[in-house]
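In this note's numbering, the protein residues as written are 17 to 106.
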């Protein structure tokens with residue numbers, strides 16, 4: 017229960033900061049929340065999850081691209097060696 021209260025206090029403080037630095041955004045959030053709180057909470061949680069998974073996916077894609085580049089370089093070297101050895105045998 018203490019952890020939940022601490023989390024809520026943090027979220028309240030963050031919104032207070034948002035309201036102080038970006039009052040127009042805070043007004044928009046207030047009016048949207050008032051109109052349909054359940055939808056916007058679900059959408060916000062979904063966006064947060066997506067934001068957390070995107071960097072992981074980007075990192076994995078970058079690693080795959082690097083591995084592909086290394087494999088292509090290795091293949092080029094092998095092809096070059098094969099071409100050189102074929103020329104020597106002729």
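By construction, the Cβ of each residue, glycine as well, lies at the ideal position given by its N, Cα and C atoms.
- For residue 21, the enclosing alpha helix (DSSP H) has its first and last residue at 18-37.
- The Cβ-Cβ distance between residue 35 and residue 25 does not fall below 8 Å.
- In this structure, DSSP gives residue 63 a helical state, which the three-state scheme calls helix.
- In this structure, DSSP gives residue 52 a state outside helix and strand, which the three-state scheme calls coil.
- If you draw a straight line from the Cα of residue 53 to the Cα of residue 44, it is about 13 Å long.
- Nearest Cα to residue 27 within the set 62, 51, 48, 57: 57.
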